[in-house]
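Visitor: Residue numbers for the sequence shown follow the working numbering, so the first one is -13 and each next one is one higher. The C-beta atom is built at its ideal place from N, Cα and C for all residues, glycine as well.
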Amino acid sequence: MIKIEQIGGQDKRLYELVAPLIMNPRILRQNNNYPFKTTRNHIWFVALENEQVLGFLPVEKREGKAVINNYYVREESLDLLVRLIQQAVLHLSGYEWAAVSQTSHRPAFIKCGFREGTVWKKYIKMIR
């Protein structure tokens, strides 16, 4: 069974769980070689099954907004991405939302109530 854990942006457990993934060249390529980052203003939503990471969605809280700008889901699972987004939106319900989504992930964000803003070649700014 998949569970989603919320972890602070500088929590030791976060590094233990995601470091093997965010340093993996294959996963970095999937993220268009853009590095993952975190601060104390981030909350990470990490999907786990038997303590194995299936995906993660970092959310940065800044000035009343919640911003998604890098995430990972194994095998490009849109269903898992939807679950992560829904959990984040539920947890941070009082925030305005913005996300930089890969174009292939547009349906997951739309399913979660986001709409398109700026569209680039590989990314879309999504707003909720």
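1) Following the continuous alpha helix (DSSP H) through GLN(-8), name the residue where it begins and the one where it ends.
2) When you compare only the Cα positions, how much space is there between LEU115 and PRO6?
3) The beta strand (DSSP E) spanning PHE42 covers which residue range?
4) Below 8 Å between beta carbons: does that hold for ARG17 and ASN55?
5) Where does the unbroken beta strand (DSSP E) through GLU102 begin, and where does it stop?
6) Could you please give me the residues that DSSP links to ALA85 through a beta bridge?
7) Can you check whether the CB of LEU67 is closer than 8 Å to the CB of ALA94?
8) Would you mind stating whether HIS28 and GLY(-5) have Cβ atoms separated by less than 8 Å?
9) Along the chain, where does the beta strand (DSSP E) that runs through HIS28 open and close?
10) Is it right to say PRO44 is buried, meaning 16 or more other beta carbons lie within 10 angstroms of its own, or is it exposed?
11) What separation, rounded to the nearest whole angstrom, lies between the Cα atoms of ILE13 and TYR58?
12) Spatial neighbours of GLN72 within its chain, please: C-beta separation below 8 Å, excluding the five flanking residues on both sides.
Guide: Answer, in terms of the structure:
1) Segment -11 to -6 is the beta strand (DSSP E) holding GLN(-8); no alpha helix (DSSP H) there.
2) Shown here, the chain extends from -13 to 114; a query on residue 115 therefore has no answer.
3) Per DSSP, PHE42 belongs to the beta strand (DSSP E) from 38 to 48.
4) At residue 17 the sequence reads Asn, which differs from the Arg that was named. The answer is no: Cβ separation not under 8 Å.
5) 101 to 105
6) ILE54, MET112
7) Cβ atoms of ALA94 and LEU67: closer than 8 Å.
8) Taking 8 Å as the Cβ cut-off, HIS28 and GLY(-5) qualify as a contacting pair.
9) Where HIS28 is concerned, the enclosing beta strand (DSSP E) starts and stops at 28 to 35.
10) buried
11) For the pair ILE13 and TYR58, the Cα-to-Cα distance works out to about 8 Å.
12) CYS98
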